[in-house]
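Protein chains: 4
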Amino acid sequence: MATAPRIPSVGFIGLGVMGEPMAGHLAKAGHRLALFDARPRRAARLAARFGAAASAPHSPAEVARASDIVVTMVPDGQVVRELVTQPGGLLEGFAEGQLLLDTSSSEPWLTRETGARLAERGVAMVDAPVSGAQWGAQAAELVFMVGGAARDVARVRPLLDAMGKSVFHLGALGSGHAMKCLNNLVTAVNFLAVAEGLAIGTKQGLDPAVMTDVLNASTGMSWVSQTHVRQRILSRRFDDPFKLGLMVKDIGIASDLARESQLPVPVSGLVQQLWRAAAQGTPADASVSEIARWVERLTGVEIASPASA
Amino acid sequence: MATAPRIPSVGFIGLGVMGEPMAGHLAKAGHRLALFDARPRRAARLAARFGAAASAPHSPAEVARASDIVVTMVPDGQVVRELVTQPGGLLEGFAEGQLLLDTSSSEPWLTRETGARLAERGVAMVDAPVSGAQWGAQAAELVFMVGGAARDVARVRPLLDAMGKSVFHLGALGSGHAMKCLNNLVTAVNFLAVAEGLAIGTKQGLDPAVMTDVLNASTGMSWVSQTHVRQRILSRRFDDPFKLGLMVKDIGIASDLARESQLPVPVSGLVQQLWRAAAQGTPADASVSEIARWVERLTGVEIASPASA
Amino acid sequence: MATAPRIPSVGFIGLGVMGEPMAGHLAKAGHRLALFDARPRRAARLAARFGAAASAPHSPAEVARASDIVVTMVPDGQVVRELVTQPGGLLEGFAEGQLLLDTSSSEPWLTRETGARLAERGVAMVDAPVSGAQWGAQAAELVFMVGGAARDVARVRPLLDAMGKSVFHLGALGSGHAMKCLNNLVTAVNFLAVAEGLAIGTKQGLDPAVMTDVLNASTGMSWVSQTHVRQRILSRRFDDPFKLGLMVKDIGIASDLARESQLPVPVSGLVQQLWRAAAQGTPADASVSEIARWVERLTGVEIASPASA
Amino acid sequence: MATAPRIPSVGFIGLGVMGEPMAGHLAKAGHRLALFDARPRRAARLAARFGAAASAPHSPAEVARASDIVVTMVPDGQVVRELVTQPGGLLEGFAEGQLLLDTSSSEPWLTRETGARLAERGVAMVDAPVSGAQWGAQAAELVFMVGGAARDVARVRPLLDAMGKSVFHLGALGSGHAMKCLNNLVTAVNFLAVAEGLAIGTKQGLDPAVMTDVLNASTGMSWVSQTHVRQRILSRRFDDPFKLGLMVKDIGIASDLARESQLPVPVSGLVQQLWRAAAQGTPADASVSEIARWVERLTGVEIASPASA
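What follows is the structure, given as structure tokens:
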């Protein structure tokens, strides 16, 4: 190829604590940006900050008209669907050959539905939810879980590389969103594994801090035992920033995927109920760490190190 | 202190694939050894190999008479109890002030029972089961999970350091044995978490190899996802050396500890039943990896990467 | 009241093994009938049999125009919704003040949705699914589980009395359909209770036939132990006419109701997974009795009386 | 046989609220009685009441010497074992050909152990725990669940007939005791089935009183739905005389039977944990009805009929 490929212009919709720094990395990488947010002044302010290469159109449709690729980072798949189908939405602006890259945490079936609507117009879609939270977004250290056709994923790859550190391509459209909640399902089970194990041992007089060290040095090790127990539980702070309500939502999505194919998953089925029980009577913004406190109430055992007392 | 402390002489009972290299490390560390095994020629051969500092007495009682500290590495707590109480057993040879260090994987209540028998004679006991298997025993890289009075643990500390790399003191006598099976209980739950999660995703068309990468890069990470899935499951080898039957036994012990204090542990309670179901109809020496094959049969999903096909 | 109330004319849609005898009882009770079925000749033949008081219009809309009350007895809530909203559907024929009585086994949320559509036109709706099967329909011995406003229920009461023996009014529209699947959820749990209990006892050498007698004479008694075990399981016939697939569907609806309100129901959550596992690998038309055979495979115990061998 | 068989003389040990009326029925049936109780004055008073045919020996050994058959009705299998083996116990008095009939609620393995001790002396044993409680004992309406050799069961049959209304012979020695806790296990599962079902429905706005009527008229019917729900739960009295602690104990025994044969019983395994959770924080003498209140707390739903409010 004789000429350098044109750097695609990008639309970015959803400029919250995640979207703003993500858009910033794209600006730095030289992409022309069309910004949109439910709060228009936010988009305008950010466009001003990014300089001549950035604009703040008045509707998703205009964003679509101004961009090769549109990125969304919004609360869920319902919002994505509305952005696409509403009057003045993306579908009105999109032309054949364009692409929607959804980095939100959407429900896989809504993603497939939205993808089908776009496909009728010849517009491609890739889902790429993230792990890494606000810090990862700022540091361009996000992990992307990606679903879509290989060709489409290749096309958004430079954008993902600009915003994160790892890109995992799991399968067809919707696979990224499926992976996101399956990872959380596995995490949710691991949480209960650790909490029950520590409760039994603590009741037997074992020091839960030392128990945690043993798990971490042995086969019982998990992200939960390594990163969560001492910091959030033994410290009695119960303050992981991930919300219990979002965990319950993700377990619900994972469970709906199992149901879709009528897969029997007994442990997941039970674990779903227990997280729901933990959500009963905790405030809406409770931390995921509260699951340990729920196990404490259930068993009557406080998982606290005698040393920390 | 003016004089160097005398290096204690050690009795070692149980010279199998674990005991033999462990005794070797003690010999190297300069301990005089009295060796005993249910197969007397094995003890004699090993004593000959260790040279003048080693002997092979004809009974546990004589081992006790010849040593300051006796180490046991035998199949389970029943065997330990018999070694102590049988005619010609340790109790007949022990004098006040001696110590039994049990590195076997015993049941905590048997350990406490045996410890109480020894205490009547003024003999101390420490339990210190290991993780690390044969390779760890050979390389002196064992991890010890220790239960006993602080003073007694301090006394055996140099022996443990000679045989392993980490020593975790969890609490009173029996705590090491409790920890061993609680670690396995947590592992057993994590196994089912990963297997169910991968089954749901695979059925949805996600590549389980990439799913495993995502878990390992995210909060779903565990020893199982990191060390087991690609090597044993996706490879279709199902060949972890740890036996499913021993896992079921350890889950059973952990569950008895919960029962002892009437602790409700719903996930553990269910997981115990599912591992039992996996043991139904698998050969007695089946690998722990078979739990994944059981989930495959239950769900009708083969957890295999399309790439590996 | 001086004049006898006019007997309402009734539309009846869905003339299968249930609908045909139900319509027959309404004819006998003196109702003028407008019959409709997806197979038009079926409706015509039946109208001919009922004589001058019966007609067989060509569309649901015409049925609505010809009747005061329309009764539906079709496969599920999707079909009811289509009958209402499709071109030529009930909505086109209904006038203010009419009423739809749905005796199908619909999903409660579809019922509420359809009811809301009808309410916009001033048409009332009552849900009244049945238990009692084909035999109950023929003998006018059906049990109706009813949801709807008290006034509307009163209005359909004579029809229900003509077709069945008991009428239970549970609450607002959709409550009948909710009850139907909740009854089946409870039944599904009871099934597993009995099967597991019998498996444990049989393995211990107890005679399952005598065990069943004891349950029936004691607190373990249930419809399952009383009506199902000897006839379907111990006889090794596994031939209850109710289908396992329908049970799984009803458990799924009940579970969705729990999810709607985020209620934690651990036993139901697990039981759902186990029935799904039983459905894995059984033919689509398998009997509900197969759950016992699934427990037999899981446990490796045949629940058979030595006497019956 | 030309001569009428001699009516056997009977020893009766344990004269509490159950034993006293049971012994009374045996006296009425013409048996000579030797009575014993941990409270000697109780035995003496009762012997006096029964007249010349009754005595109150000073030890179990003397009871054994004075009787053909000895009946025990004591708290559990530990007490039975002690009555047999203690100094002055039954073993000292029994001669070959005698028989012990244990109507207590013992653990099956203790029963088999005690039976083996007796068999060494040529003494037979039959286990025959009861259902029916105090009222059944007074009215001779007890239900006996019997384990033992057919010949031995035939021999005690007239005694059982004198004290109860039904006799079920389930299998070898210990089968009666196994049946007793298996019946309670099934009951325990049925309790949770009903409580969860009612909680879901009540939250949906269904009237739990009418729901109960539907269950009772349909396949969801059980002893729990028929006898317990209105009386104990909807009435908000939670006052079933059977104790939650005894239920937990019986579930534990049933679960140990499953474990003995490594049977996977997932529902029972979970249900055991949930009853344990209910026992956490309820007083030791709480009623079995409290399980419903526990489900209410778990779900946040009060299972109360609006009508009863």
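Residue numbers (my numbering), protein chains in the order written: chain A, 682 to 990; chain V, 682 to 990; chain X, 682 to 990; chain B, 682 to 990.
The C-beta atom is built at its ideal place from N, Cα and C for all residues, glycine as well.
Of all the options the options, which has the alpha carbon lying nearest to the alpha carbon of residue i?
i	options	result
X:Thr893	B:Val867, B:Leu823 and B:Glu822	B:Val867
B:Ser740	B:Pro756, B:Gln767 and B:Arg730	B:Gln767
B:Gln907	X:Val910, X:Ser690 and X:Ser899	X:Ser899
X:Glu655	X:Ala843, X:Ala820 and X:Gly855	An answer regarding residue 655 of chain X cannot be provided, because it is not within the stretch 682 to 990 covered by chain X.
V:Gly770	V:Gly878, V:Val760 and V:Thr883	V:Val760
X:Ala967	X:Lys846, X:Leu955 and X:Leu927	X:Leu927
A:Ala959	A:Arg978, A:Glu941, A:Gly950 and A:Val946	A:Arg978
A:Phe731	A:Leu714, A:Arg746 and A:Pro721	A:Leu714
X:Ala821	X:Ser970, X:Met703 and X:Trp975	X:Met703
B:Lys924	B:Thr963, B:Leu887 and B:Gly950	B:Thr963
X:Cys862	X:Ser936, X:Gly813, X:Ser847 and X:Val946	X:Ser936
A:Asn864	A:Ala831, A:Thr883, A:Ala835 and A:Val929	A:Val929
A:His712	A:Met844, A:Ala853 and A:His909	A:Met844
A:Thr883	A:Arg726, A:Ser986, A:Phe693 and A:Val765	A:Ser986
Are the beta-carbon atoms of residue i and residue j separated by less than 9 angstroms?
i	j	result
V:Ala874	V:Val895	no
A:Val698	A:Ala818	yes
V:Arg735	V:Ala710	The question names Arg, but residue 735 of chain V is Ala in the sequence shown. Their beta carbons are not under 9 angstroms apart, which means V:Ala735 does not touch V:Ala710 by this criterion.
B:Pro789	B:Asp749	no
A:Val948	V:Val870	yes
B:Asp973	B:Ile932	The residue asked about is misnamed: residue 973 of chain B is Ala in this sequence, not Asp. Contact flag unset, no.
X:Val837	X:Val804	no
V:Ala809	V:Asp783	yes
V:Gly695	V:Met754	yes
B:Ala737	B:Glu773	no
B:Val982	X:Leu938	no
B:Gly705	B:Asp718	no
X:Val751	X:Phe775	yes
A:Asp833	A:Leu887	no
Name, please, each residue of chain A whose Cβ falls closer than 7 angstroms to the Cβ of residue i.
i	result
X:Leu951	Pro947, Gly950 and Leu951
B:Ala958	Leu979
V:Met860	Gly882, Leu887, Met892 and Val895
V:Leu866	Gly878
V:Ala809	Those do not exist, as V:Ala809 stays about 12 angstroms from chain A at its closest Cβ, beyond 7 angstroms.
Using DSSP's beta-bridge definition, name the partner residues of residue i.
i	result
V:Leu823	V:Gly845
A:Met806	A:Leu781
B:Ala735	B:Leu714
X:Thr753	X:Ile694 and X:Asp783
A:Ser903	V:Ser903
A:His706	Partner(s): none; A:His706 has no beta bridge.
B:Gly828	B:Asp808 and B:Gly852
V:Lys924	V:Ser968
For a contact meaning CB atoms closer than 7 angstroms, what does residue i contact in chain X?
i	result
B:Gly852	Gly886, Leu887 and Asp888
Which bits of chain B does residue i rub up against, with CB to CB less than 9 angstroms?
i	result
A:Gln943	By Cβ distance, chain B contributes nothing, its closest Cβ being about 18 angstroms from A:Gln943, past 9 angstroms.
V:Gln992	Residue 992 of chain V lies beyond the residue range present for chain V, which begins at 682 and ends at 990; the question has no answer from this structure.
Using a C-beta to C-beta distance shorter than 8 angstroms, which residues of chain V count as neighbours of residue i?
i	result
B:Leu955	Pro945 and Pro947
B:Gln759	None at all; the shortest Cβ gap to chain V is about 17 angstroms.
X:Gln961	Leu979, Thr980 and Gly981
Residue i versus chain A: which residues are under 8 angstroms apart at the beta carbon?
i	result
X:Arg940	Gly933
Just the chain D side, please: which residues come within less than 9 angstroms of residue i by C-beta, in chain order?
i	result
V:Gln779	Included in the structure are the protein chains A, V, X and B, with no chain D among them.
What does residue i reach in chain X if we use C-beta pairs closer than 9 angstroms?
i	result
B:Ala797	Ordered by position in chain X, no residue passes the 9 angstroms Cβ test against B:Ala797, which lies about 16 angstroms from the chain.
Worksheet item: Of the residues that make up the region 900 to 915 of chain A, which ones have a beta carbon closer than 9 angstroms to any beta carbon in chain B?
Response: Taking 9 angstroms as the Cβ-Cβ cut-off against chain B, none of the residues of the region 900 to 915 of chain A qualify.
Item to complete: Please name the residues in the region 921 to 936 of chain B whose beta-carbon is closer than 9 angstroms to at least one beta-carbon of chain V, in chain order.
Response: Taking 9 angstroms as the Cβ-Cβ cut-off against chain V, the residues of the region 921 to 936 of chain B that qualify are Val929, Gly933 and Ser936.
Fill in: Residues of the region 870 to 881 of chain V with Cβ closer than 7 angstroms to any Cβ of chain A, in chain order
From the region 870 to 881 of chain V, only Val870, Asn871, Leu873, Ala874, Val875, Glu877, Gly878, Ala880 and Ile881 have a Cβ closer than 7 angstroms to chain A.
Discussion item. At a CB distance below 7 angstroms, what residues from the region 822 to 848 of chain A approach chain V? Give them in sequence order.
Written reply: Across the region 822 to 848 of chain A, CB contacts with chain V closer than 7 angstroms involve Val824, Met826 and Ser847, in sequence order along the chain.
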